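Heads up: the sequence shown begins at 78 in the numbering used here, then just goes up one per residue. Don't be surprised by glycine CBs; every beta carbon is placed ideally from N, CA and C. Computed from a predicted model, the values in this text were never measured in an experiment. Reviewing the structure listed below.
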Amino acid sequence: MRVTEVALATSIPPAMRRPGPGGEDAGPAWRAACAASWPAPGWRVLTINPAEEIGTLADLPPGVTAIPAQPGVAETFGRPGTWVSDALAQVVATRAPVVGIVNADIRLDLDAARRAALLDRARTRIIACNRMDVGHAGQDSGPFYRYGYDLVLMPRACAQRIDMRGFALGVPWWDYWILLDALLQGMPVEVVQCAGVRHLAHQAAWQRPAWLAALRSMMAHLAPRRAALSRLGMGIIAEATADLLAAVAAAPEEGYPLPDLAETAGTRFGIEVVRLAERNAWTLE
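Structural data, given as structure tokens:
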């Protein structure tokens, strides 16, 4: 039996809807193609789902195992889901030297050489991959999406140190906080653009309450580490925006117009996190 070198966590939804080029629903086929693309020799995948969803995952391909998730996401964000801390704990428990997260709507068109290149770098640092957006399953190329990380790989030891309490898969900000927490702790981070990390483009399912709740969670983590943020050299705008967001997150009951202010400031702070992460960026052809 081959040793597991990489253990990936995800959370496959019970159903997936995506627009097809002829107006048909391409979601079921894309969901199946994504799941089939993740496993490879040495790569193991765990899908962590709420207990009530496990029965919908009977058609999993070899190499993908379903595990019940810890409760609480629905109560916090208004939708069933999986805590990122739970997902990371599950892959850490496999004892694979490299662990990570892949979003459930990402197809990994990675040959052995690309997987080996990512694995080699992820043995010593956190690797965050931008996705390539495509309009249909057969499209060979498309634009990269800079403002999100749909495949994240890291040494198992790093995953054990990162504090992901309060973040959930499928809810914004978890990918930004993984990188920012790592950088605050002095861990090396790299951003990679790889054409083999593909995403079937669709209309954003943006839910403002969940977005703001996750942002408040991030700022609650960040507030006591304000001095460490200054040492990253993000600049005066990023630091001032972080201070504003921390103040808003600490008093959400103050009401209008704080949610609007948090949305604007949060978006700008996210851009600053991307700029920071991209100080070490490369392309995997």
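By the Cβ neighbour-count rule, S218 is exposed, with fewer than 16 other Cβ atoms within 10 Å of its own. When the beta-carbon positions are compared, A164 and L246 come within less than 8 Å of each other. Per the Cβ contact rule, the region 150-161 is in contact with the region 236-253 (3 or more Cβ pairs under 8 Å). Counting along the chain, no alpha helix (DSSP H) covers M231; the unbroken beta strand (DSSP E) around it starts and ends at L228 to P232. At a Cβ-Cβ threshold of 8 Å, T87 and T124 count as neighbours. Restricted to the region 161-195, the alpha helix (DSSP H) segments that are unbroken, complete and at least 4 residues in length are 161-169, listed in chain order. For E101, the secondary structure class from DSSP, reduced to helix, strand or coil, is coil. DSSP places L134 outside any alpha helix (DSSP H), giving it a letter other than H or E. Counting other Cβ atoms within 10 Å of its Cβ, E331 stays below 16 and is therefore classed as exposed. Separation of the CB atoms of G177 and V325 is rounded to 32 Å, and the pair is thereby denied contact status at 8 Å.
With a threshold of 16 other beta carbon atoms within 10 Å, G343 meets it and is buried.
S294 counts as buried, since no fewer than 16 other beta carbons sit within 10 angstroms of its beta carbon.
In terms of Cα proximity to R308, the closest of A323, L338, Q262 and M296 is Q262. Under the three-state reduction of DSSP, T360 is assigned to strand. Contact between the region 272-292 and the region 196-204 is absent: fewer than 3 CB-CB pairs across the two stretches fall below 8 Å.
Note that the region 178-194 does not touch the region 130-147; fewer than 3 beta-carbon pairs, one per stretch, sit closer than 8 Å. By the Cβ-count criterion, R94 is exposed, with fewer than 16 other Cβ atoms from all chains shown falling within 10 Å of its own Cβ.
Under the 10 Å beta carbon count, N207 is surrounded by 16 or more other beta carbons and is classified as buried. Annotation: E267 is outside any alpha helix (DSSP H); the continuous beta strand (DSSP E) that includes it extends over V266 to L277. Counting other Cβ atoms within 10 Å of its Cβ, R121 reaches 16 or more and is therefore classed as buried. In the displayed model, Y222 falls within a strand according to three-state DSSP.
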